[in-house]
Amino acid sequence: MNCASVRNLLSAYLDSELPGSEMQQVRAHLEECPTCRAECDDLREVKSLLRGLPPCCAPNGMEERLKAALSQAERPLPLRVEPSVATGLTLAAAAALAGFFVYTLIKPPTEPAMAGEYPPSMHRQIDGTRDFERARSPFSSHTIPVSLDDGHSGR
Amino acid sequence: MVAGARRELFESLLEQTHQQLFHLALRLTGRRADAEDLVQESFVRAYRFFHRFDESLPFSSWLYRIMTNAYIDEMRRRGRLKTSSLDEPHPETGAGWDVRDSNPSPEAVVLSHEMDADIQEALNRMTPEFRVAVLLADMQGLSYEEISEVMNTSVGTVRSRIHRGRKQLKKYLSAVNPERYDRMLES
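Chains as they are written, first to last, in my numbering: chain A, 29 to 183; chain B, 1265 to 1451.
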């Protein structure tokens, strides 16, 4: 083994993490090479400095705070949507909603071929009954009031 | 396991391990507030995935894995905010840089008195992967095999990270205070 290969193995040698044959080869090299031996001693001292670091105490009350934080983990994770996706979805929904209302405003009135083609509520309008029907929104499960007589139809 | 018993078991494991986890977190982050945040994040993640914990393995090793992943993820996330010049190795030590506050908080000043500030600073200057490997080996006493499981990498990579990390640490200490450390390392 030359110096370069031994130096790469020095930490593993100090940690006894080399196979037996390599441990012996490194040990034999160190006995003959003062330069590699000095580097090995440096690394041993660094290891010793780290091992000698004093333990530090956790802050007061940390254990209680940790236990309290576990309650967070018991709640279901919020649905995370990337900001760009969320913006895109919002814009698409707004555009669809706007399109729907524009369509209802400009839609030309259709002439019924027969009175029986209208639902009962429309009969009331045709008869001059000013009424509001509750129509189902296509974008939610809620119902919204929609005037079937919006001032445009029939004029 | 019913929810109450699960919570009770987890809290018992938390009581046994939170001190040693805080010790590691403090050496990883260098700040008490950051360390507590990291410990909390780790326990919350662990509790959320407690059903996946293999009880035949040590709970602390599983927590180390969760913590080191959380820590390295966070450091990488912060790393994306770095300028390219900070990615250059330290001119004196050759170690990778970490983003550090230019004005240490009063808490950091207190901490520097509690710790050996030179060693902590040397640790702070290491790349996160080197720091984790060195601390797990030298402070927590894990074997290379255990570290490779915690860090989800090969034993060869662990060996390399520990060796390079120790060399960086030695180089930094010799540069920052040659009188103190060279004499110590020569003795």
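All C-beta atoms, glycine included, are put in the ideal place defined by N, C-alpha and C.
Every value quoted in this text rests on a predicted model; they were computed, and no experiment measured them.
Residue-level contact to chain B via CB, residue i, 8 Å cutoff
i: Q100/A; result: yes
i: M29/A; result: no
i: N36/A; result: yes
i: V3/A; result: No answer is possible for residue 3/A: it lies beyond the span of chain A, which begins at 29 and ends at 183.
i: R55/A; result: no
i: E59/A; result: no
i: S39/A; result: yes
i: R162/A; result: In this prediction, R162/A has a pLDDT of 41, which is less than 50 and means its spatial position is unreliable; what the coordinates show is noted afterwards. R162/A does not count as touching chain B.
i: T157/A; result: Summary for T157/A: the model assigns pLDDT 41, below 50, so the residue's position carries little reliability; its value from the coordinates is reported in the next sentence. Taking Cβ atoms only, chain B never reaches closer than 8 Å to T157/A, which makes this a no.
i: E45/A; result: yes
i: L133/A; result: no
i: A97/A; result: yes
Sequence-distant residues of its chain with Cβ nearer than 6 Å to residue i (five each side left out)
i: V34/A; result: V54, H57 and C64
i: E1279/B; result: none
Chain A within 8 Å of residue i, Cβ atoms only
i: D1380/B; result: yes
i: Y1311/B; result: yes
i: R1342/B; result: no
i: V1308/B; result: yes
i: I1383/B; result: yes
i: E1401/B; result: Residue identity differs from the one stated: residue 1401/B is Ala in this sequence, not Glu. Yes, its Cβ sits closer than 8 Å to a Cβ of chain A.
i: V1398/B; result: yes
i: R1316/B; result: no
i: R1395/B; result: no
i: R1271/B; result: yes
Delimiting residues of the alpha helix (DSSP H) encompassing residue i
i: P62/A; result: P62 to R79
i: H1282/B; result: A1267 to T1293
i: E1300/B; result: R1296 to R1312
i: F1323/B; result: F1323 to G1343
i: F1394/B; result: P1392 to D1402
i: L98/A; result: M90 to E102
Chain-order list of residues whose beta-carbon lies under 7 Å from that of residue i (same chain, five-residue window excluded)
i: S39/A; result: L71
i: T1293/B; result: A1299 and L1302
i: E67/A; result: R35 and L38
i: Q1284/B; result: S1324
Close beta carbons around residue i, own chain, < 8 Å, minus the five adjacent residues each side
i: E92/A; result: none
i: M1403/B; result: H1287, L1288 and R1291
i: E1410/B; result: S1325 and L1400
i: L42/A; result: C68, L71, R72 and K75
Item to check | Under 9 Å (Cβ pairs) to chain A, residues found in the segment 1274-1291 of chain B | outcome: F1274, E1275, L1278, E1279, H1282, Q1283, Q1284, L1285, F1286, H1287, L1290 and R1291
Next on the checklist: Can you pull out the residues from the segment 1423-1436 of chain B whose beta carbon lies closer than 9 Å to at least one beta carbon of chain A?
Outcome noted: R1423, S1424, I1426, H1427, R1428, G1429, R1430, K1431, L1433 and K1434
Checklist entry - Of all the residues that make up the segment 1293-1307 of chain B, which are near chain A by a beta-carbon distance shorter than 8 Å? => result R1296, E1300, V1303, Q1304 and F1307
Next on the checklist: I'd like to know if the segment 1302-1312 of chain B and the segment 1324-1338 of chain B are in contact, where contact means that at least 3 CB-CB pairs between them fall below 8 Å.
Outcome noted: yes
Next on the checklist: Can you pull out the residues from the segment 82-95 of chain A whose beta carbon lies closer than 9 Å to at least one beta carbon of chain B?
Outcome noted: P82, P83, C84, C85, A86, P87, M90, E91, R93, L94 and K95
Checklist entry - Listed from N- to C-terminal order along the chain, which residues in the segment 1319-1343 of chain B have their beta-carbon within a distance smaller than 7 Å of any beta-carbon of chain A? => result none
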